[in-house]
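Residue numbers (UniProt numbering), protein chains in the order written: chain L, 1 to 458; chain V, 1 to 581.
See below for the structure under consideration.
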Amino acid sequence: MAAVRKHKRVAAAQPGFLPIKSSLDGNSSVIKRRKRVNKNKKKSWNRFSDIQDVEEFLDDVRLQERATGGLIAEKTDDTLFFVDTGETDEKDTQEQTTVKKGKHSKPLRIDLILQPDSHIQAPKNVLAFQQPNAKKQRRISERAAKLAAMGVLPRREKLLQLRSAAAASGLSVKEHPVANNNPDRAFYDLWSAGTPETADPYYLEQTKKKLVKRPDRLNEKPSVLPAVEVIAPGGSYNPDFFSHQDLLREAHEVELKKQKAEEKLARQLAVNEDKATEESTFKEQVEGLIEEEEIEPQEPEGDTEDTVMGPTATQEKKTEKQRKKEKAQRIKDLQRKVERQVIDKQQQLFQLRSISASVKKQEQRTEMRQAQRKVQQEAQKSMPRRLGRLKFQTPDLDVQLSDELASSLRSLKPEGSILKDRFKSLQKRNIIEPRERARFNRKYKLKYSEKRAFREIE
Amino acid sequence: MGGLQKKKYESGSATNYISRNKARKKLSLSLADFRRLCILKGIYPHEPKHKKKVNKGSTAPRTFYLLKDIRFLLHEPIVGKFREYKIFVRKLRKAYGKAEWSGVQRMKENKPAYKLDHIIKERYPTFIDAVRDVDDALSMCFLFSTFARTGKCHVQTIQLCRRLGVEWMNYIIASRSLRKVFLSIKGIYYQAEVLGQTITWIIPYQFAHDHPTDVDYRVMATFTELYTTLLGFVNFRLYQTLNLVYPPKLDGQGEFSLKSECEEDYALESESYSEKLAALSASLARTVPSVEDEEAELDHFPAEGEDLEKMETREKMELEQNKQKKLFEGLKFFLNREVPRESLAFVIRCFGGEVSWDKSLCIGSTYDETDETITHHIVDRPTIDKQYINRYYIQPQWVYDCVNGKILLPVEEYFLGVTLPPHLSPFVEESEGDYVPPEKLKLLALQKGEKPQAEEDEEEEEEEDDEDDEEEDDQSEDEDEAEDEASLAEMEEKRAQGKSLSVKVTPGKVKPENRMRTEQEEKAEEKRLAIMMMKKREKYLYDKIMFGKKRHVREANKLAAKRKAHDDANKPDKKKKKKKC
């Protein structure tokens, strides 16, 4: 506060100072008697010291600065006044400028409004000029100077030089990888013997720059089927009569099989329901009215009593004598068995022929089975495997019936879709597993509500 | 005795396999990314032998992978890229949510991308491996290139597929390696022989699109991503082998002739060049000026016995192929606007023909309809108003049948409005004793050399007046039929005798025939003796086989007879029709 007050004093004491507002002048006339108060506490000081005059003065100073760019008292006369030499000249110059600028150069009013009308320069960002750690900076700069003296360039500088050199030689600075489906992408000779790697293989391995060798097993195809299976000769657009019939028969057989399976399923799923006929309804109505002499089916009555019959055997303890007897019997049996075996072995000598025959037979059978298995394995190679939840479904045969056949190439209507054909072929060759389209399942039910606007109309 | 009891599922097949979900978690990828990775790296699911053991006692059907395969996947650098991409998407979404547009822009510029080059190199260590596997890639590329640009897949992918397909077709034309074409109800099958590998692919008919819903487009797009890369590298190398410029350029002559004033009507300035390439009507520029008549002579090595025979057959094959390569040379075709332009242009150019079409139909036409030197005009409509006298008006099937038959077929059967002979599949190779349709028999007879007479006759007929034409036609047809029947009878006779079809009899020389006959007799005798010497069991088997063969032949004969009856029944109708015409 004291400083402010001092400022005022200083300003007021100056000889050329002109206050803009006149209220400052009449200040002295209205002097109240001073009330004595202690101003030793900050609170009371704030309360009782009158700083309005100072504030008004300062406001005035700011206004002057804003409007004219400085205190008016300090301005020279030529900045404040001009010599009026006549109106015409001024108008001419103004017109000229307007003509020169044209319609377009006139700024919009909104821009004018938004432009700062203060004559005071915007304060500078102090932090931008401050050096937070001057010591560190100094050290860094010293080090850079030292390095520069030694001829070592900083990294940034080096990269910049590289980049500029690349740009000068016509290469692109940063190679953006070209998208795989870019129609203008370039190709090169992939299989030419490129430059052999000169770097240390251990280094390449450790830095993961060397690709892992692909196992040979992976280059085998999962099926022996050809990539493009050509349609049967009956599928020609203008087929030979018999080959067309062959194809039709084939398709027919497939269809028949499908139908049979469907029928079987329907049969199995059918609910065995007796439908009411006229006869049966009549019978129902007269049930009991006509006396029938029928033997009522006898219901098995003793069922419930018979069912629960647990094992009733109660174990009694064996006597010593029984035990001994049983043991002797057991030993005897064992002995007899061993004897029998010995005899059998001896007898086998006389059965040599039949034994060799049976061995031969067995061998033959295994051989046959081996051959069979091999054939089966061969056949399996061209079969679609079970690779997932779903089995491979053979697509429908593409067939045109005799009356659908086109009379000329122009009127041909293509059958089936090649896209689907390719997709199925991939599945058939075990390259991808058969899948079905994921169904969309709504977790919660949809709730319908009328919009308010709609309701209002109703 | 003793030792720790082995625990279940801690060794053996249970530890050799890993379920899909576990594998996915091990790689810390989402299911979609995992699937993509497996497709790109060529890791396929595997069906274990003992599912219950692998599945730790459960019998639920699951997808299993070999654990070693998944371990191999762990080393793949692309896995890292997938993770990066995931994070990129997350960041991008966040930036969108916060409406930080500059951030979005920056992120999009630095979108992570991966390359498949090293995978291609790894999966196909040599170039021939890649060529062997290119069937799939071709079919997929041609399929994708016909897609409409409706958002089922990236427009860029479609464009790339188109470019690669055109490059491939141009290569096939330049190397003249097309062998077979088959117009089926699905699409057009092509077969070519590239560097000794037989390559088959299918191209859909144009404008035949319905998008099936039960196909996983994401999976197919991933396959296409891999296959486009593969096909690009294969194309590059193939172009190199022929000294062609890659990316393909039209040669100076072609470029000059294709220059027309109204190019802007067909394509944008930027696209017009690729469109011209796609028109397939001009040849490509070479890095080394080509020497046209430089044909590699087969090396001759002194050979004996079997080798000699093989050599001879090979030489014969080579000759035949060279002949086939020049099938349409010197012929000038004009395509009417209703025929499939691209396919026909491709096929005709593959065999050395010149082809053009109406200027308003497509870019790249080389001469007008009014050109006097046109020899064949391909039309697929019942009649045509203005006909030029010095050219044949034929239906498109003629071109394809000629290619499959490896000779220029008589044009009469393919004239305008004529009922076409059936289009036979060139992919069927009849083994001995199978039923062969009479059309094919006729073709075989033509190929064997009965052709020259017939063709000359026909040409003479052509030169004669138009008035006689009808009669002559009928006559020639009758002749053909007689010939046909004769050949049929001959074949049947041969069949009845047994397998003497493979033995060639050269007419006109007396001595060698005798020798041949004695040789034959000797052989037959030997065979009979061998049969007599057979063991009982072998004999039984042999009899069984022979019986089966005979039955086969019998069936084939029956079919042939049936066909003949069918034809006989239809003949009067046909004749009537003809007369009406």
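Note that beta-carbon positions come from the ideal geometry of N, C-alpha and C, so glycine has one too.
These numbers come from a predicted model, not from an experiment.
Item                                                                                                                                                                                  : Value
Comparing C-alpha positions only, which one of V:162, V:3 and V:139 sits nearest to residue 278 of chain V?                                                                           : V:162
So which residues of chain L does residue 117 of chain V contact, with C-beta pairs closer than 8 Å?                                                                                  : 190
At the 8 Å Cβ level, is residue 82 of chain L part of the contact set with chain V, yes or no?                                                                                        : no
Quick check on residue 139 of chain V: buried or exposed, where buried means 16 or more other Cβ atoms within 10 Å of its Cβ?                                                         : buried
Could you give the distance in angstroms between the alpha-carbon of residue 161 of chain L and the alpha-carbon of residue 122 of chain V?                                           : 37 Å
Determine the chain V residues that contact residue 400 of chain L at a beta-carbon separation under 7 Å, and present them in chain order.                                            : 185
Between the C-alpha atoms of residue 22 of chain V and residue 88 of chain V, what's the straight-line distance to the nearest angstrom?                                              : 25 Å
Can you find a C-beta in chain L that's less than 8 Å from the C-beta of residue 232 of chain V?                                                                                      : yes
Use the C-beta contact count for residue 387 of chain L: other C-beta atoms within 10 angstroms, 16 or more gives buried, fewer gives exposed.                                        : buried
Spatial neighbours of residue 185 of chain L within its chain, please: CB distance less than 7 Å, with the 5 preceding and 5 following residues excluded, ordered by chain position.  : 178
Determine, using beta-carbon pairs with one atom in the region 32 to 48 of chain V and one in the region 103 to 123 of chain V, whether at least three such pairs fall under 8 Å.     : yes
State the beta-bridge partners of residue 395 of chain V as determined by DSSP.                                                                                                       : Looking at the DSSP assignment, residue 395 of chain V forms no beta bridge with any residue, so it has no partner.
Put residue 191 of chain L into one of helix, strand or coil per three-state DSSP.                                                                                                    : coil
So what does DSSP say about residue 20 of chain V, is it helix, strand or coil?                                                                                                       : helix
My assumption, with CB atoms under 8 Å, is that residue 251 of chain V sits in contact with residue 284 of chain V. Please give the rounded CB distance.                              : 6 Å
Please report the distance separating the alpha-carbon of residue 47 of chain L from that of residue 60 of chain L.                                                                   : 24 Å
Report all residues from its chain with a CB closer than 6 Å to the CB of residue 473 of chain V; omit the five preceding and five following residues, and keep chain order.          : At residue 473 of chain V the pLDDT is 43, less than 50, meaning the model places this residue with poor confidence; the figure from the coordinates comes in the next sentence. Closer than 6 Å at the Cβ level, and outside the excluded window around residue 473 of chain V, lies no residue.
Quick one: complete beta strand (DSSP E) runs, 3+ long, within the region 335 to 407 of chain V?                                                                                      : 354 to 357, 376 to 378 and 392 to 394
Taking residue 163 of chain V as the query, report the chain L residues whose CB atoms sit under 9 Å from its CB, ordered along the chain.                                            : 183 and 184
Does DSSP put residue 183 of chain V in a helix, in a strand, or in coil?                                                                                                             : strand
To the nearest angstrom, report how far apart residue 260 of chain L and residue 268 of chain L are at their CA atoms.                                                                : 12 Å
Use the C-beta contact count for residue 530 of chain V: other C-beta atoms within 10 angstroms, 16 or more gives buried, fewer gives exposed.                                        : exposed
In terms of DSSP beta bridges, what is residue 192 of chain V paired with?                                                                                                            : V:178 and V:199
So for residue 408 of chain L, helix, strand or coil by DSSP?                                                                                                                         : coil
Can you list, in chain order, the residues of its chain whose CB lies under 8 Å from that of residue 222 of chain V, leaving out five sequence neighbours each side?                  : 35, 36, 39 and 40
Could you round the C-beta distance between residue 179 of chain V and residue 191 of chain V to whole angstroms and report it? I think they count as a contact, below 8 Å.           : 5 Å
Leaving out five residues on either side along the sequence, give the residues of the same chain with a beta carbon under 7 Å from the beta carbon of residue 145 of chain V.         : 158, 161, 162 and 165
Under a Cβ-count criterion, where at least 16 other Cβ atoms within 10 Å of its own Cβ denotes burial, should residue 438 of chain V be classed as buried or exposed?                 : buried
Looking at the secondary structure, which residues open and close the beta strand (DSSP E) in which residue 66 of chain V lies?                                                       : 64 to 66
Residue 75 of chain V versus chain L: which residues are under 9 Å apart at the beta carbon?                                                                                          : 208, 211 and 212
So, does the CB of residue 557 of chain V fall closer than 8 Å to a CB anywhere in chain L?                                                                                           : no
Leaving out five residues on either side along the sequence, give the residues of the same chain with a beta carbon under 8 Å from the beta carbon of residue 565 of chain V.         : none
Please confirm if the region 427 to 442 of chain L is in contact with the region 268 to 288 of chain L, defined as three or more CB-CB distances below 8 Å between the two stretches. : no
Give the residues of chain B in contact with residue 62 of chain V, contact being defined as C-beta atoms less than 9 Å apart.                                                        : This model lacks chain B altogether, as its protein chains are L and V.
In the structure shown, what three-state DSSP assignment does residue 550 of chain V receive?                                                                                         : helix
Would a check of beta-carbon distances place residue 409 of chain L closer than 8 Å to chain V?                                                                                       : yes
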